[in-house]
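**Q**
Numbering (this note's numbering), first residue to last: 1 to 289.
1. Does the contact criterion of 3 or more C-beta pairs under 8 Å hold for the segment 103–116 versus the segment 60–74?
2. In the DSSP assignment, find the unbroken alpha helix (DSSP H) run with residue 5 in it and report its ends.
3. Can you tell me whether residue 84 is buried or exposed? The criterion is at least 16 other CB atoms within 10 Å of its CB, across all chains shown.
4. Report the start-end ranges of each alpha helix (DSSP H) in the segment 140–176 that is 4 residues or longer and not cut off at the edges.
5. Quick check: is any heavy atom of the ligand MG less than 6 Å from the C-beta of residue 57?
6. Quick one: what's got a C-beta closer than 6 Å to residue 99's C-beta in the same chain, skipping five residues either side?
7. Taking all protein chains shown into account, do 16 or more other C-beta atoms lie within 10 angstroms of the C-beta of residue 146, making it buried, or fewer, making it exposed?
8. Among 53, 242, 30 and 8, which residue has its Cα nearest to the Cα of residue 43?
9. With DSSP as the reference, label residue 304 as helix, strand or coil.
10. Just to check my reading of the structure: residue 80 and residue 28 have Cβ atoms closer than 8 Å, yes? What is that Cβ distance to the nearest angstrom?
11. In terms of residues, what are the limits of the alpha helix (DSSP H) holding residue 252?
12. When we look at the beta-carbon of residue 281 and count the other beta-carbons within 10 Å, is it buried (16 or more) or exposed?
13. Report the start-end ranges of each alpha helix (DSSP H) in the segment 95–140 that is 4 residues or longer and not cut off at the edges.
14. Once the 5 residues before and after residue 53 are set aside, which same chain residues still bring their CB inside 7 Å of it?
15. By Cβ distance, which residues of its chain are closer than 8 Å to residue 60, with the 5 residues on each side in sequence left out?
16. I'd like the list of long-range same chain contacts for residue 215, defined as Cβ closer than 6 Å, with 5 residues on each side in sequence excluded.
17. Tell me, please, which residues DSSP counts as bridged to residue 68.
18. When DSSP labels each residue in this structure, what does residue 76 get in the three-state scheme?
19. Can you find the residues in the same chain that come closer than 6 Å, C-beta to C-beta, to residue 233, ignoring five residues on each side of it along the sequence?
20. Measure the alpha-carbon distance for residue 12 versus residue 5 and round it to whole angstroms.
21. In the DSSP assignment, find the alpha helix (DSSP H) that holds residue 239 and state where it starts and stops.
22. Can you tell me whether DSSP reads residue 246 as helix, strand or coil?
23. When the Cα of residue 273 is compared with those of 256, 18, 249 and 257, which residue comes out closest?
24. Give the range of the alpha helix (DSSP H) segment to which residue 47 is assigned.
25. Less than 7 Å between C-beta atoms, sequence neighbours within five positions excluded: which residues of the same chain meet that for residue 178?
26. Whose C-alpha, out of 62, 122, 135 and 127, is nearest the C-alpha of residue 107?
27. So residue 33 is in the alpha helix (DSSP H); what residue range does that whole segment cover?
28. Using the three-state DSSP reduction, which class does residue 13 fall into: helix, strand or coil?
29. My assumption, with CB atoms under 8 Å, is that residue 170 sits in contact with residue 276. Please give the rounded CB distance.
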């Protein structure tokens, strides 16, 4: 029996080894490929976000936490793992499940999308409502590098510091939109992904994740990360300037690495952007190219 058939939904992920999770990711990719070739849909984006989705659903609990996908091009694995496995073959068909997140379709779709770049604003709204009502859960916006270039995203980023509320932004960077990305922000993201100083910070954060596995105090690890970010003479970073801690870049196909970072971010007290690098169309040569 396939791993996907036995797992059924996100609740079964925590009982799997990382080797089994990687096999599960391949099975999810195969299902996405089969269904989209028959029904149509956004293939490449979702193929590239499978491991990212698995890591998110290991680190966060969608029964409590809010995970908001921008546009929804990358949300097919999320749909499969949030109790829509048996209906996924109806994707984009009359009476079937939608090709985008739809609140009326599932309690795990927290925002109905119809246009790009709205996830950060929506996440801020959810986070502010959480704070006002004194609830305790995480709010995560998953946004691609193409959607981040939109002015709506910039407006939301500009408001994060003034609202003084914590959100987690996961930047899924596959260096593509409909076409290769262009512009100043595109160049900025490219420089961040190869800058040795940020790679040094990334490695430091990974080290702190490993210390937590040994049972060291969580609060100490978070203080060390904050101190490290302040002590290094890092080059100008637009996210830090806007009051958002920048972590990354991380391998968007390494489930264990992403899960560790996401779990650490749960306990971070301030807004944080986690930059992950993925391969658009991963596992399908035609989609990759």
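For glycine and all other residues, C-beta sits at the position ideal for the given N, C-alpha and C.
**A** Walking through what the data contain:
1. yes
2. Numbered from its first residue, the chain shown carries residue 5 at position 5. Note, residue 5: alpha helix (DSSP H), 3–7.
3. In the chain shown, counting from the first residue as 1, residue 84 sits at position 84. With a 10 Å radius around the Cβ and a threshold of 16 neighbouring Cβ atoms, residue 84 comes out buried.
4. 145–148 and 151–163
5. Summarising the ligand content, the structure contains no ligands, and the ligand MG is consequently not present.
6. Mapped onto the chain shown, residue 99 falls at position 99. The residues are 41 and 92.
7. In the chain shown, residue 146 corresponds to position 146, counting from 1. Burial call: buried.
8. Looking up residue 43 in the chain shown gives position 43. Taking each of 53, 242, 30 and 8 in turn and checking the Cα distance to residue 43, the smallest one comes out for 30.
9. Missing from the structure shown is residue 304; the chain here goes from 1 to 289 and no further.
10. Along the chain shown, read from residue 1 onward, the residue named residue 80 stands at position 80. Along the chain shown, read from residue 1 onward, the residue named residue 28 stands at position 28. Correct: roughly 6 Å between the Cβ atoms.
11. On the chain shown, residue 252 is found 252 positions in, with the first residue counted as 1. Where residue 252 is concerned, there is no enclosing alpha helix (DSSP H), given that its DSSP letter is neither H nor E.
12. For the purposes of this step, residue 281 is taken as the residue at position 281 of the chain shown. With 16 or more other Cβ atoms within 10 Å, it is buried.
13. 119–132
14. Here residue 53 refers to the residue found at position 53 when the chain shown is read from its first residue. Closer than 7 Å at the Cβ level, and outside the excluded window around residue 53, lie 77, 78 and 81.
15. On the chain shown, residue 60 is found 60 positions in, with the first residue counted as 1. Cβ-Cβ distances below 8 Å link residue 60 to 67, 138, 140, 262 and 266 in the same chain, with the five nearest sequence neighbours on each side left out; the list follows chain order.
16. Counted from its first residue, the chain shown places residue 215 at position 215. Residue placement at residue 215 is poorly supported in this model, since its pLDDT is 48, which falls under 50; the coordinates are not used for a value here.
17. Counting from one through the chain shown, the residue named residue 68 turns up at place 68. Per DSSP, 141.
18. Taking the chain shown and counting its residues from 1, the one referred to as residue 76 is at position 76. Helix, per DSSP.
19. Here the question's residue 233 lines up with position 233 in the chain shown. The predicted model places residue 233 with a pLDDT of 46, which falls under 50 and marks its position as unreliable; any figure quoted below should be read in that light. If we look at residue 233 and ignore the five residues flanking it on each side, it has no Cβ neighbours.
20. Position 12 of the chain shown holds residue 12. Position 5 of the chain shown holds residue 5. C-alpha separation (whole angstroms): 11 Å.
21. What you label residue 239 is simply residue 239 of the chain shown in a count that begins at 1. Segment 238–241, the alpha helix (DSSP H) holding residue 239.
22. Counted from its first residue, the chain shown places residue 246 at position 246. Of the three classes helix, strand and coil, the one that applies to residue 246 here is strand, per DSSP.
23. Looking up residue 273 in the chain shown gives position 273. The option with the nearest alpha carbon to residue 273 is 249.
24. Along the chain shown, one-based indexing puts residue 47 at 47. Element bounds for residue 47: 43–48.
25. Counting from 1 along the chain shown, the entry for residue 178 is found at position 178. Any reading at residue 178 must be qualified, since the residue scores a pLDDT of 48, below 50, and its modelled position is unreliable; the value itself is stated next. For residue 178, there are no CB contacts under 7 Å within the same chain when 5 residues up- and downstream are skipped.
26. Within the chain shown, the letter at position 107 stands for residue 107. Ranking 62, 122, 135 and 127 by Cα distance to residue 107 puts 62 first.
27. Numbered from 1 along the chain shown, position 33 holds the residue referred to as residue 33. Residue 33 -> alpha helix (DSSP H) spans 18–39.
28. Taking the first residue of the chain shown as 1, we reach residue 13 at position 13. Helix, per DSSP.
29. Taking the first residue of the chain shown as 1, we reach residue 170 at position 170. Taking the first residue of the chain shown as 1, we reach residue 276 at position 276. Contact flag correct, Cβ pair sits at about 6 Å.
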